[in-house]
Every structure is written in C-alpha cells, then in structure tokens.
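All remarks here apply to the structure that follows.
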Amino acid sequence: MKADEASLARLMAMAQAGDRSAYRTLLVECQRWLRGYFARRVAPDHLDDLVQETLVALHRKLASYDPSRAFLPWLAAIARYRWVDQLRRLYRASEEELDETMAAVSEEPAVAARISLERLFEHLSDAQVQAIELVKIQGLSVAEAANASGQSESLIKVNIHRGLRKLSAMIEKA
Amino acid sequence: MNRDTDALIGELVGNLQPVRPMKFSTGLGLTLAGLVAMLAIVGAILGLRPDVLTGDPSPIFVLASGLFFLLGLAASVTVVTMGRPRVGSDHDGWKWAAAMTALLPLAAIVSGIERSQFGLTGAAAASGMDCLTMGIAFGLATFGVLVMWLRKGAPTSPERAGLLAGVAAGSFGIFAFSFHCPLNDIVHIGIWHGGAVVISALIGRIAVPRIVRW
Numbered sequence: 125m126k127a128d129e130a131s132l133a134r135l136m137a138m139a140q141a142g143d144r145s146a147y148r149t150l151l152v153e154c155q156r157w158l159r160g161y162f163a164r165r166v167a168p169d170h171l172d173d174l175v176q177e178t179l180v181a182l183h184r185k186l187a188s189y190d191p192s193r194a195f196l197p198w199l200a201a202i203a204r205y206r207w208v209d210q211l212r213r214l215y216r217a218s219e220e221e222l223d224e225t226m227a228a229v230s231e232e233p234a235v236a237a238r239i240s241l242e243r244l245f246e247h248l249s250d251a252q253v254q255a256i257e258l259v260k261i262q263g264l265s266v267a268e269a270a271n272a273s274g275q276s277e278s279l280i281k282v283n284i285h286r287g288l289r290k291l292s293a294m295i296e297k298a
Numbered sequence: 008m009n010r011d012t013d014a015l016i017g018e019l020v021g022n023l024q025p026v027r028p029m030k031f032s033t034g035l036g037l038t039l040a041g042l043v044a045m046l047a048i049v050g051a052i053l054g055l056r057p058d059v060l061t062g063d064p065s066p067i068f069v070l071a072s073g074l075f076f077l078l079g080l081a082a083s084v085t086v087v088t089m090g091r092p093r094v095g096s097d098h099d100g101w102k103w104a105a106a107m108t109a110l111l112p113l114a115a116i117v118s119g120i121e122r123s124q125f126g127l128t129g130a131a132a133a134s135g136m137d138c139l140t141m142g143i144a145f146g147l148a149t150f151g152v153l154v155m156w157l158r159k160g161a162p163t164s165p166e167r168a169g170l171l172a173g174v175a176a177g178s179f180g181i182f183a184f185s186f187h188c189p190l191n192d193i194v195h196i197g198i199w200h201g202g203a204v205v206i207s208a209l210i211g212r213i214a215v216p217r218i219v220r221w
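Residue numbers (the working numbering), protein chains in the order written: chain A, 125 to 298; chain B, 8 to 221.
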C-alpha cells in the first residue's frame, strides 16, 4: 500500500517528536517514493547511492520540515538538491565508465507533475538536456555524446556546465 | 555509499532524536531580536542622532533608514524561508526592495555629478569609512543568526542564501547605525551607507556557501 501525502505528513510530524516506529515506516515509504522519483533520471548503478544519500539528508535536516505544510514538496526539494549535487560530482569527476545497457524503467512515479524532475529539465535548452542526459545519465563519454548528438565536444562541456548551474538555481522554483 | 538501504534505515531510526521544527516565526523573531539588540547598543553606547532625540527626525533619515529596514526585512524573510525548502517556493520578492533601495546610491551619483563632489576624500571620506565599517559591524548579529539558521536548515541554493544573509546583515547593520550617524547628505548615505550593504553582501556570497552547504 502506498502512503498518501497526509499520511506521510503525519508520520513525519510523529518522527520529529521522536516516534521511531513512525520514522521507520516513513523512511520505508520515502525510499519507495524516491526510487520512483529518480528512476528515469539516474543511471541504474547510481540509484541506490542517491536514494541512500537522500535518506541521510532527510535524517540530518529533519527539523527543516514544517508540519503545517505539505510533505512531498519538502521531500522533493531535498531529493532535487541531492540529485543535482550528484550530477555535479559526476561532472567534476568526469570519469564515468559507460553503461550502455540502461535498464528499461516501467514504474511510473506517483508524484504530481509539479514536483517532478522532468519539470526541472523544461527550463533547460534542448541542447543542455541532451548533453546532460547523454553524459551524466546514460554515462557516455564527452566524445561519444558529441558523436551521438552532433554537438562539438566543447559545446557538450559548456552545455553540461551551464545546464547544471541552471538546474541548481531552479531546485525549488521550477 | 555502498550499503544495504534497509540497514541504513535501521541505523537512522536508531539515531532518531526528537527535533523542534524550524518555524518561520522563530527564525524571523530571532533575526529581529538581533536587530533590536544592535539598536539598543547604538543608543546606549554611541548615542542617538539629535533630531531623533528631539522627536523631529529629518525626512531624508526617515526615507533612507526606512528603505534599509525594508530591504533587511525582505532579505531576512527570504533567508528564513530558504532554510525550510519546498518545491514551489519563489525567493525573488527581495529584489523589489533591493531595486527601491538602489535609488539611494543612484541619487547619490546624480547629486555627486551635479556638485562634482562624491565625498571620497578628506574628512568626508573618513566619516564615510566610519559608517561603512560600523554598518558592517552592527550587521554581525543579523549575520550570525541567519547563518546559524541556514546551517540548521536545508537551503537548496547556498550561494543565493549567502548573498541574501549578507544583504540582510548589511541593511539591518546600517539601519541601526544610521540612528547615530548625524549626516543627512544623500551623497554620504547613498555611497557609504549603501556601500555597507554591498560589501556585506559580497562577504556573505563568498563566505557563507561553504558553511551552509549540506
């Protein structure tokens, strides 16, 4: 059974008061929600890491949730921040091995379009989205992404850099 | 991170401690309390302007200090909001207050050009530097409160949060100090009082992100 917004908000309020049983239920539900949320926008071998990092961030920033407000927009902001941070780290490391067999993702995330990751991408140019998807999500090298997209290698790098900067600025706004 | 998520959840549950949710009223209340404390220090140690003491403040003082107060308030509200993230929040409201306050340095430049005198030398510069440094110094209480708030919270844009913490600190700092500064010259207010906000904002933009990143 999937928990709804009201149930999650109630569990979170109980967790803030120190109720460990409610907190366990909340984290299990959040884990499930986050897997759906990230599924299309993270390379499969990075999904577990990102879900775990987001759960740790949720734990560390528990006080920043106001129980009088909706829960999922708060969780989505935490999740987006960790997602953009992971993309940035991958960008800086720029060493990723290729994983050309992207698993087909069939599960549809049960989230409103308002807080989806797709909505963030709507604020990027097509070239920026393409560069980030090819290199950061599908794991192609810059040269391979340039071949696949028809953009030059330097343009791929510029589009990744500018796209990540824009994503970072739009985490709550978009 | 490479561990089983169920084990991680068990660990997080085991470490759970009750927390007090970060209320907007608490954040803003602490910030305003810092401002009141700075005003009290200005009044008690440095002394208030003569026209404020007599209850007949100069219009330029009311206008300028009012603008700095509103900018400080708008920036503080934004920073407090940024500590409690949610998708759908818009953090742009402070820009209108900033645009209004920017009229002060603009007026200073226009007036300075007319007079061919910007107060950047001699005694005018010395008193200007006093206001600049004291404005920044009196903003430290606001700065400290907002940085602590951001560290506890989860700002998703540490760079903008740092910039705005600096804007709030500089605005409230020069607002507090303007109750002591006796000058009503628009060139002095626009350049030196406005300068305190700009420098404080730069300090916030440079120093704060690394402290509040999570």
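Just so it is clear, CB atoms sit at the ideal spot from N, CA and C, and this is done for glycine as well.
- For Lys290(A), the enclosing alpha helix (DSSP H) begins and ends at Glu277 to Ala293.
- Residue environment analysis places Trp103(B) among the exposed positions, since fewer than 16 neighbouring C-beta atoms fall within 10 angstroms of its C-beta.
- Using a CB distance below 8 Å, the part of the segment 181 to 201 of chain A facing chain B consists of Ala181, His183, Arg184, Lys185, Leu186, Ala187, Ser188, Tyr189, Asp190, Pro191, Arg193, Ala194, Pro197, Trp198, Ala200 and Ala201, ordered along the chain.
- Pairing Trp198(A) with Arg91(B) gives a Cβ-Cβ distance under 9 Å.
- At a cut-off of 9 Å between beta-carbon atoms, Gly287(A) makes no contact with chain B.
- For a cut-off of 8 Å, the C-beta gap from Gly287(A) to Ile261(A) is around 12 Å, too long to register as a contact.
- Cβ-Cβ distances below 6 Å link Gly119(B) to Phe125 and Val194 in the same chain, with the five nearest sequence neighbours on each side left out; the list follows chain order.
- Contact with chain A is absent for Val87(B), since none of that chain's Cβ atoms lies less than 9 Å from the residue's Cβ.
- No Cβ-Cβ contact shorter than 9 Å links Arg204(A) with Leu179(A).
- With fewer than 16 other CB atoms across the displayed protein chains lying within 10 angstroms of its CB, Asp169(A) is exposed.
- A residue is called buried when at least 16 other Cβ atoms come within 10 angstroms of its Cβ; Ser207(B) meets this threshold and is buried.
- Residue-level contact check: Gln275(A) does not touch chain B, since none of the beta carbons of chain B fall below 9 Å from its beta carbon.
- For Thr163(B), the neighbours in chain A by C-beta distance under 9 Å run, in chain order, Ala201, Ile202, Arg204, Tyr205, Val208, Ser292, Ile295 and Glu296.
- Proximity of the segment 55 to 73 of chain B to the segment 161 to 178 of chain B falls short of the contact definition, fewer than three beta-carbon pairs being nearer than 8 Å.
- The beta carbon of Tyr161(A) does not come within 9 Å of any beta carbon belonging to chain B, so the residue lies off that interface.
- Taking a Cβ-Cβ threshold of 9 Å, none of the residues of chain B is close to Leu171(A); the smallest such distance is about 10 Å.
- Taking a beta-carbon distance threshold of 9 Å, Leu179(A) counts as an interface residue toward chain B.
- Distance check between Leu182(A) and each of Asp172(A), Gln252(A), Leu151(A) and Ser192(A) places Leu151(A) closest, using alpha-carbon atoms only.
- Taking each of Lys290(A), Leu132(A), Met138(A) and Asp173(A) in turn and checking the Cα distance to Cys154(A), the smallest one comes out for Leu132(A).
- Judged by pairs of C-beta atoms under 8 Å, the segment 174 to 186 of chain B touches the segment 74 to 83 of chain B, as three or more such pairs exist.
- Residues of chain A whose Cβ lies closer than 9 Å to the Cβ of Leu46(B) do not exist; the shortest such Cβ separation is about 29 Å.
- Judged by DSSP in its simplified three-state form, Cys188(B) adopts coil rather than helix or strand.
- Counting along the chain, the unbroken alpha helix (DSSP H) around Ala267(A) starts and ends at Val266 to Ser273.
- The closest CA to that of Phe145(B), considering only Ala132(B), Ile16(B) and Gly50(B), is found on Gly50(B).
- With fewer than 16 neighbouring CB atoms inside 10 Å of its own CB, Met136(B) falls in the exposed class.
- With a threshold of 16 other beta carbon atoms within 10 Å, Gly211(B) meets it and is buried.
- Ala130(B): member of the alpha helix (DSSP H) spanning Gly129 to Phe145, first to last residue.
- Within the same chain, no residue comes within 6 Å of Val20(B) by CB-CB distance, once the 5 residues on both sides are set aside.
- Contact check for Thr149(B) against Thr38(B) passes: the beta carbons are separated by less than 9 Å.
- Residue range Pro168 to Arg184 is occupied by the alpha helix (DSSP H) that includes His170(A).
- Listed in chain order, the non-local C-beta contacts of Val266(A) below 7 Å within the same chain comprise Val259, Glu277, Ile280 and Lys281, local neighbours out to five positions each way being set aside.
- Our two residues, Ile67(B) and Phe76(B), have alpha carbons roughly 14 Å apart in a direct line.
- Against Arg213(A), chain B offers no close residue; the least beta-carbon distance is about 12 Å (beta-carbon pairs closer than 7 Å).
- Considering only beta carbons, no part of the segment 240 to 251 of chain A lies closer than 8 Å to chain B.
- Taking 9 Å as the CB threshold, Ala130(A) stays off the interface with chain B.
- Counting of Cβ neighbours within 10 angstroms places Asn22(B) among the exposed residues, the total staying below 16.
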